[in-house]
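Below is one structure, written out as structure tokens; comments come after it.
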Amino acid sequence: MKYVTDTSTIFTRYDLHIEVSRQSARRVSDDQLLQQVADCLVAGDEDRIQQIVAKVLTNKAPLEVINKGLLAGMQEVSRLWETGDCFLPQLILSSDAMLAGITLCEAELGQTMQKKAKVITHTAEGDIHDIGQIIVNALLSAAGFEVINLGADVLVDEVVDACRIHKPVLLTGTALMTTTMTAFPKIAEKLKKQGLIIPFACGGGAVNEEFVTSFDLGIWGKEASQAPGIAQDALNELSWEEMRNKWNG
Amino acid sequence: MERISTADREPNPAPMPPLTDSMAYSSSDEMMFGTALNPVETKDGLTIGGGQVLPEIVPHPRPGSEQTLKTLLREFERANQDALERCVTIGIPAIVIENEHVSQMTRHADWGMEITAQTQQQIESYKAKYGLQAALRATIADIRKPGMVDMRESDRTQEILDAFKACARHADILSIESLGGKEISDYSIIRNDLTGMLFAQAVLGARDMAWLWSHIVSIANENGCIPGGDTDCAQANTAMFMAGGFISRDVSHTLATFCRAVSASRSLVAYEMGATGPAKDCAYENPIIKAITGIPISTIGKTAACANMDLCGNLMAAVCDLWSNEAVEYHPMFGGSSVEVFTEILGYDVAAMNSAIQLGFQKEYQACLINSDRYRSPQSFILCPDNAWAIGKAIVTNNASCYTRARAAALTCGELMLADSNLHFTNFEKDVLLEYMRELEALPDEEDDFIDRCLKRYGKVKGFKPASYGL
Chain A
1 MKYVTDTSTI
11 FTRYDLHIEV
21 SRQSARRVSD
31 DQLLQQVADC
41 LVAGDEDRIQ
51 QIVAKVLTNK
61 APLEVINKGL
71 LAGMQEVSRL
81 WETGDCFLPQ
91 LILSSDAMLA
101 GITLCEAELG
111 QTMQKKAKVI
121 THTAEGDIHD
131 IGQIIVNALL
141 SAAGFEVINL
151 GADVLVDEVV
161 DACRIHKPVL
171 LTGTALMTTT
181 MTAFPKIAEK
191 LKKQGLIIPF
201 ACGGGAVNEE
211 FVTSFDLGIW
221 GKEASQAPGI
231 AQDALNELSW
241 EEMRNKWNG
Chain B
1 MERISTADRE
11 PNPAPMPPLT
21 DSMAYSSSDE
31 MMFGTALNPV
41 ETKDGLTIGG
51 GQVLPEIVPH
61 PRPGSEQTLK
71 TLLREFERAN
81 QDALERCVTI
91 GIPAIVIENE
101 HVSQMTRHAD
111 WGMEITAQTQ
121 QQIESYKAKY
131 GLQAALRATI
141 ADIRKPGMVD
151 MRESDRTQEI
161 LDAFKACARH
171 ADILSIESLG
181 GKEISDYSII
191 RNDLTGMLFA
201 QAVLGARDMA
211 WLWSHIVSIA
221 NENGCIPGGD
231 TDCAQANTAM
241 FMAGGFISRD
251 VSHTLATFCR
261 AVSASRSLVA
271 YEMGATGPAK
281 DCAYENPIIK
291 AITGIPISTI
301 GKTAACANMD
311 LCGNLMAAVC
321 DLWSNEAVEY
331 HPMFGGSSVE
341 VFTEILGYDV
351 AAMNSAIQLG
361 FQKEYQACLI
371 NSDRYRSPQS
381 FILCPDNAWA
391 IGKAIVTNNA
401 SCYTRARAAA
411 LTCGELMLAD
421 SNLHFTNFEK
431 DVLLEYMREL
441 EALPDEEDDF
451 IDRCLKRYGK
461 VKGFKPASYG
471 L
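Note that the protein sequences, when read in sequence, are chains A and B.
For the first sequence, the working numbering gives the first residue as 1, with consecutive numbering after it.
For the second sequence, the working numbering gives the first residue as 1, with consecutive numbering after it.
See the structure below:
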């Protein structure tokens, strides 16, 4: 078969044009041991970080390892994500490594670390497509939030009950199908009836801004990567209306 | 997680079929749209893959209509009527309608059955009134979320089988988008983990399909309908959609491309268990499947932009037998309802392909479709007929197990990408491509060794139950 050699009138590979030289991670500590922890976290090596953290804990206090090694490394990965210098898997792997490292530090500390706030996540009733929620969970955990993960295909009343029990700063809902996202306004209505005025960030698949902003409490999340920012706004006590104005419209 | 060795595992109860050892087509030059080596004929005499391309329209109900059987019946009645009416209005000779279940239609088998029966009555009515030839594909929803239910022994599994039985009484073709392995693939995709994808698709997915398709084929045969096919939508399409276009940073295109090659090993199991095609539309791996089996395939491309974006919008028509839109939600548009509009688009697309066949210009037309997208992305490159055939050849030549053939498919896929200097990569994509090749080469040769390794590595993944797959 004959193949066209000049494809310039057929398509443009914008990805080749926009790629810039990738930045490397910056140093986050002058301390060699803590920098090792951060480097390992940036590399997203969950197995190795446990060895390194265990070694560093013989010389450093657990809180110092968490704050100046693990969290500092995670902030650097987040920066690279923001600047477009790393892909989602690197962020997820670093998050896995951070959580593994923190678990070791907490064991040494004898108590769990204080999280920023609770966020409840779920995938809509009737919908089992939860990869978007899995990403949201990882990003929120990496940002320091306590994630109450209700899983996929969660009944409306189960979501409302969980909100009543846990009083989260934010509820998130994921749906792939338009025929399952209809659970979201039902949840919002029931939350309001019970006086639970909790911002409700919805996204995924066919979920769109017009639909989510058609009911009270709803804030449309275009990308899973927006979840930490939206949760931070909820933690900063922005109302759902203020959050909607900021993220939507 | 305690390691489970091969010796300690229960015998695998999945009825794994003999794995294919030869190619249906002796070269990709023989592969053409509209013609399959093994065409199928519906109850009513409509031949698929017998020399012409047919449109396959897939309406999707609007949100809210799923609330009751009455509203859902009305929604499908309206949408399918629109499709049939537009066929007659603009002169489309024949069409396949796919009713892809929303979960309610599978969870309530009577809902699925009533909607299937209604659609078949509409088809019969248009045939009686106008002579329009049409067929109905019923695609049951896989409502088994791995991790939430046992894949073989659960109420949901029973509901799926009940829905198949109910719909088989009225449908011409049965299909499903099965989910086996999704708990591991969801974990692996977002961790750039090709080994995990291989395990999910080639080991878990294949075992689940062998089990599931033994039931589907029996049900189809008992009811005189066609066991169509499956698709790796849940895994390979998830990777492809996450890879996105030219500005996404979620998943690499090369990972998605490897997943596509691997998916052919998995989806092939349906046909090894007795499915005959037409293969399910959203299986982008179908050109590889057709090269191996010679069955008719349905494909999607630009006409499915209503449902998802891809980088192979024209290419995917190159060897299709049904040309589909994947799913379009029912809505009014300037030109009629969305279903009418997409029926018309599909109808004219296949009219052009069938004109090319009649004029003897099919090779030239196919060349245009392929050249549009061959070098647009790695995924489109490997789905060109020549590369799809080469990957198929690697699959049948390495058929000791679903794993060995999937690994061979992936290695061949990588070699093809590296060998063609006209396929360009960003530095990032090139780096990860080389990393994936090293990862593939370092994997065990034998499936049992691979499974042992993966049970140890992925045993901790939330929701993963090896017993669900007979492991």
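Positions of the beta carbon are idealized from the N, C-alpha and C atoms, including for glycine.
Keep in mind it's a predicted model, so treat the numbers as computed, not measured.
- If the five residues before and after B:Ala394 are omitted, its C-beta is found closer than 8 Å to the C-beta atoms of Arg405, Ala408, Ala409, Leu411 and Thr412, all from its own chain and listed in chain order.
- A contact between stretches requires three or more CB pairs, one per stretch, nearer than 8 Å, and the segment 322–332 of chain B meets this requirement with the segment 53–63 of chain B.
- Note: B:Ser337 is bridge-paired with B:Pro332 in the DSSP secondary-structure output.
- Between A:Gly44 and A:Ala97 the beta-carbon gap is near 5 Å, inside 8 Å, which marks them as a contact.
- Nearest to B:Ile391 by alpha-carbon distance, out of B:Phe464, B:Thr276 and B:Asn286, is B:Asn286.
- The segment 127–140 of chain A makes contact with the segment 172–187 of chain A, as at least three CB pairs between them are under 8 Å.
- For the pair of segments examined, the segment 145–156 of chain A was found not to touch the segment 88–103 of chain A: the number of CB pairs separated by less than 8 Å stays below three.
- From the listed residues B:Arg62, B:Glu439, B:Ser421 and B:Tyr403, the smallest Cα separation to B:Asp449 is found for B:Tyr403.
- B:Ala135 is bridged by DSSP to B:Val96.
- Taking a contact to require three or more Cβ pairs closer than 8 Å, the segment 65–81 of chain A and the segment 25–39 of chain A qualify as touching.
- Contact between B:Asp230 and B:Ser263 is ruled out by a C-beta separation of about 10 Å, above the 8 Å threshold.
- For A:Phe211, the enclosing alpha helix (DSSP H) begins and ends at Glu209 to Val212.
- Ranked by how close their Cα comes to the Cα of B:Asp452, the residues B:Val203, B:Gln118, B:Glu41 and B:Pro296 have B:Val203 in first place.
- Between the alpha carbons of B:Val350 and B:Pro63 lies a gap of roughly 30 Å.
- Chain A has a Cβ within less than 8 Å of the Cβ of B:Val102.
- In the DSSP assignment, A:Phe11 forms no beta bridge with any residue.
- Look at A:Arg13: its C-beta is under 8 Å from a C-beta on chain B.
- Residue pairing of A:Ala201 in beta bridges, as defined by DSSP: A:Thr172 and A:Ile219.
- With respect to the C-alpha of B:Pro227, the residue from B:Tyr126, B:Glu177 and B:Ser401 having the closest C-alpha is B:Glu177.
- With contacts defined by Cβ atoms closer than 8 Å, B:Ala117 and B:His170 form a contacting pair.
- Comparing alpha-carbon positions, the option among B:Met23, B:Asp431 and B:Lys43 lying closest to B:Gly224 turns out to be B:Lys43.
- Beta-carbon to beta-carbon, B:Met316 and B:Thr299 are separated by about 4 Å, close enough to satisfy the 8 Å threshold.
- For A:Val160, not one C-beta of chain B is nearer than 8 Å to its own C-beta.
- For B:Met240, no Cβ of chain A is located within less than 8 Å of the residue's own Cβ.
- Against chain A, the beta carbon of B:Ser372 has neighbours under 7 Å at Ile10, listed in chain order.
- Using a Cβ distance threshold of 8 Å, B:Leu132 and B:Leu198 do not count as a contacting pair.
- With a beta-carbon spacing of about 15 Å, A:Val156 and A:Thr121 fall beyond the 8 Å limit used to define contacts.
- DSSP, reduced to helix, strand and coil, places B:Ile57 within a strand of the structure shown.
- CA-to-CA, the gap between A:Glu76 and B:Ser421 works out to about 36 Å.
- Between B:His253 and B:Gln158, the gap from beta carbon to beta carbon reaches 8 Å or more.
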